[in-house]
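Taken in order, these protein sequences are the chains called V and H. Convert by adding 2 to the 1-based position in the first sequence; the result is the number in the working numbering. Convert by adding 45 to the 1-based position in the second sequence; the result is the number in the working numbering.
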Amino acid sequence: MTSAMDTPPGVALPPPITERGGVGWAYANLFSNWYNTVLTFIFAALLGLALWFGLSWIVLEADWKVIATLGGRLIIGQYNTEFACPGQNCFWRPQASLLLVSVLLGMAWAVSGDKAARRIAIGVAAVTVAFAFLPYSMDQMGLDVRLLLAANVPAVAAGWVLARYTPLGTVRWMVILGVLFFLVILVLIGGVPGVPGLQPVSTIYWGGLMLNLLLAVTGITLSLPIGIALALGRRSSLPLVKLLCVVFIEVMRGMPLITLLFMSQVLVPLAFPQDFSTNSLFRAGIILTLFSSAYMAENIRGGLQALHPGQVEAARALGLAGWQTTLLISLPQAIRNVIPAIVGQFISLFKDTLLVYIIGMLDVVEFSRAFIQGNAEYLASARELFLFLALVFWIFTYTMSYVSRRVEVHLRVGQR
Amino acid sequence: MIMIEALRGFAYYKGVPLWRHALVLQWTLQILSGVLVVALVTTFFTNINNTIQDREIPHGFSFLSREYQTPIGQHFLPYESSDSFLYAFGVAATNTIIVSIVGVILATALGIVVGVARISGNWLVSRTSLIYIEVFRNVPLLVQLFFWFYVVLALPPVRQGYVFADKLYINNGGVSLPWPSASNWSAAWAWLAVVLASLLVAMVLHRVLTRREAHTGQSSYPLVSGSVAAVAMSVAGWLFVNAAFGEAPFAISDPAPQGTFGRIAGGFTISGGLMALLTGLVIYTSSFIAEIVRAGIQSVGHGQTEAARSLGLAPMAALRHVTFPQALRVIIPPLISQFLNLTKNSSLAGAIGYSDLANVAKTMTQTAPAVSIYLLLAAAYLAMSLTYSLIGNLYNRSIRLVGN
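Given below as structure tokens:
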């Protein structure tokens, strides 16, 4: 009798063609059985058709002139108009703010050493340089604007050098500089009365993508701590504190943001002194932050609930006080576990900044819509414009979820 | 000295100083926060009240019976400008509820298909689904709504619009399609009652046969028998109503161009705004639902699928009878919150010219007291949220693990 041991050793044959290389992959992933084969053909045909029509529309039919016409106004809205900034060119102020952001990005690249930070820093530098050297004439794109755009490359480099070769290259300094730069940006854009070249620009003229980003950054920075406080309040053993937190969270979550924003426009002027309540930017910021922190609180509460009770018990057994247990043991683990949900909330806050249109602020989308409405000759280009805006927003939101995935890798979520 | 000792005695409770005693601290904190909130809320409402009285702004709810006298775009309940504010509010709420229900059904169906496609073994299918999810989830809904709105607007005008078989009209005014219309409402209601009864009978039949199947192991075809019974009863009811009232309960009304401008009359017209709104809402929400469905299915242990397959169930049968029922427990809670999101997101309708509740309420504030309208609006949205939560929680309770 023969067995496997008895067969003479021979040359190891390669696996059959259907198991290896491109053919093997296609066989396993596309044609493994009859209905997969049918599905593959149907999807290939549909995708091919969609690509064919999409590309031919983008290249041949679509008229992208509207984007060059709007140009810089998409970024800053009415900011640099005669009403907002009479007799002066104010475009350099948002641009200087962008330079500060670039410095921070360069620092983040050097400090984190992560490929995500590197890609974002290089990406921002590359996009700004590309716009600076674009051969088209865009609205508000003079030589000064182009030079300031190109300056983002040395700004990123300066940030990188600063973080690498000076003591500023720590996370703590980055946070301090981030807050400092944010305040400087607010002063730059808002202006200072009496300073030549920095004349005040009323907040009703802040607009475009700049407004979306400012509101999003403010909301993100403030809604996380408020959300944590609300989540802790909701889990508190004090009945009154718990009740107040539950009522606040559920009322905020039960209403559409658009209704809250519009209510704030009508009710706040009735309830507070005149000069305090006329600033719609301020009101929009507060409502967005509160709305987002209610959702944030629920995400963090989910993280706290999922935490094993042994963690808290062990901390208490080691003699940590209640507040130490919460701050040093529960919260860090809870937040780490719900990073995707928190970043998801950041993304939806960013997407929600569009809704300020309801109180008459001209963010990038409302500015575009108003432009289309007011210029009938561009009505046919509305699809191109909104497709372009969709791409811009997609790049921002996708970058945010990409960063969150990298943060998770660094914190080794799911590996402990 | 004695005074200080007495004070010390007073400041201690069971050997712990009062300023470090847990009970004292907790109650101080609670009372402080309570007082603070009450003070804030009172100031807020007193100020509003004072301002209203100082500036003689109209207030109260007496406006509700007044005539609204403003047209509402598309509406599903019959509406005239001479109707009252209260009725107009109801018409607008119906508009929102209809968008919410239709949107929820379509988004769930699409979301399940995309979510299942996401975990397909077919590379092309799962990649396509991934791109769908990543694109539509990450672009703000308002941008998508505007895009669809201008796509609809870019359709040809009524006279050059697309016509399919003289039944379906697609143009920049929206989509017109055949729709049942009743001339005799008592006949229509009678038949609808029969249909409702037949559905009940079918459900009972389905349950009885399923139980028998589980009990005896013999195939009883519960789904087929139930459907056949329902259809048969409905048809019989139709014939009976037709004979009793002398006319059919419903007739199909076809849309047709009328007048010099070729305006479409008859049938049912989904206005451009509603079409863009539903398209945007359904696609946007379905990309979130797809992720929920995917996560739910993946949360079921792989052993379950393998066991089902090794028992001889086909892949689709294993998904339908083994994986999906277990995945539902994970899927339902976040799914309900997506339903709520869809309902709340429908308040963006105003931006593209559909008269939903938020939009009509906003218009109402021009001729009626804003504070009262907002109270009504808040109550309406909270009621809708609570209804969805209630239904979701009831369903969730019915499918949860026994003993949990």
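Each residue gets a CB set at the ideal place from its N, CA and C atoms; glycine is no exception.
Considering only beta carbons, the part of the stretch 61–78 of chain H lying closer than 7 Å to chain V consists of Gln71, Leu74, Gln75, Ser78, in chain order.
In the structure shown, V/Asp365 adopts extended strand secondary structure according to DSSP, grouped into three states.
Secondary structure note for V/Ile69: its alpha helix (DSSP H) is the uninterrupted segment 67–72. Between V/Cys247 and V/Leu224, the C-beta gap is not smaller than 8 Å, which leaves the two residues out of contact.
Straight through space, the alpha carbons of H/Ala415 and H/Ala406 are spaced by roughly 9 Å.
DSSP places H/Val220 outside any alpha helix (DSSP H); the residue lies instead in the beta strand (DSSP E), whose first and last residues are 219–222.
Taking a contact as a CB-CB distance under 8 Å, the pair H/Ala403 and H/Leu422 counts as one, their CB atoms being some 7 Å apart. Per DSSP, the unbroken beta strand (DSSP E) holding H/Ile297 starts and ends at 296–298.
For V/Leu391, the closest Cβ of chain H is nearer than 8 Å.
The beta carbon of V/Val367 sits closer than 8 Å to some beta carbon of chain H. Cβ proximity to chain V below 8 Å picks out Ser165, Gly166, Asn167, Trp168, Leu169, Val170, Thr173, Glu179, Val180 from the stretch 146–180 of chain H. In chain order, Lys407 make up the part of chain H whose C-beta sits under 7 Å from the C-beta of V/Phe264. Taking 8 Å as the cut-off, the beta carbon of V/Tyr138 is found closer than this to the beta carbon of V/Ala70.
By the rule that beta-carbons nearer than 8 Å mark a contact, V/Val173 does not touch chain H. Residue environment analysis places H/Glu336 among the buried positions, since at least 16 neighbouring C-beta atoms fall within 10 angstroms of its C-beta. Between H/Gly325 and H/Leu198, the gap from beta carbon to beta carbon reaches 8 Å or more.
Listed in chain order, the alpha helix (DSSP H) runs fully inside the stretch 166–221 of chain H are 168–183, 186–198, counting runs of at least 4 residues. Exclusion of the five residues before and after V/Ala134 leaves Arg148, Leu151, Ala152 as the residues of its chain whose Cβ lies within less than 6 Å of its Cβ. V/His412 counts as exposed, since fewer than 16 other beta carbons sit within 10 angstroms of its beta carbon. Residue-level contact check: V/Arg371 touches chain H, since one or more beta carbons of chain H fall below 8 Å from its beta carbon. A straight-line Cα-Cα distance of about 55 Å links H/Ile309 and V/Gly24.
Contact of H/Ile436 with chain V is not assigned, every C-beta pair being separated by 8 Å or more. Apart from sequence neighbours up to five positions away, the residues of its chain that approach H/Val327 with a beta-carbon distance below 8 Å are Gly148, Leu151, Ala152, Leu155, ordered along the chain.
Assignment of V/Arg285 by DSSP, reduced to helix, strand and coil, places it in the helix class. For V/Ala231, there are no neighbours in chain H by C-beta distance under 8 Å, as the nearest C-beta there is about 11 Å away. Using beta-carbon distances, H/Ile377 does not count as an interface residue toward chain V, since no partner is under 8 Å. Among the CB atoms of chain H, one or more fall inside 8 Å of the CB of V/Trp396. Looking at the DSSP output, H/Arg308 bridges to H/Gln303. Along the stretch 309–333 of chain H, none of the residues has a CB nearer than 7 Å to a CB of chain V.
The DSSP-derived three-state label of H/Pro62 is strand. In this structure the stretch 276–294 of chain H touches the stretch 231–249 of chain H; the number of beta carbon pairs closer than 8 Å is three or more.
Judged by beta-carbon spacing, H/Ile342 lies within the 8 Å limit of H/Thr368, meaning their Cβ atoms are closer than that value. From the beta-carbon of V/Ser34, the residues of chain H found nearer than 9 Å are Gly166, Asn167. One thing to note: V/Ile77 has its Cβ within 8 Å of the Cβ of V/Pro96. Each residue's CA atom was taken as its position, placing V/Leu215 and V/Trp325 some 34 Å apart. Here DSSP, grouped into helix, strand and coil, assigns H/Ser226 to strand.
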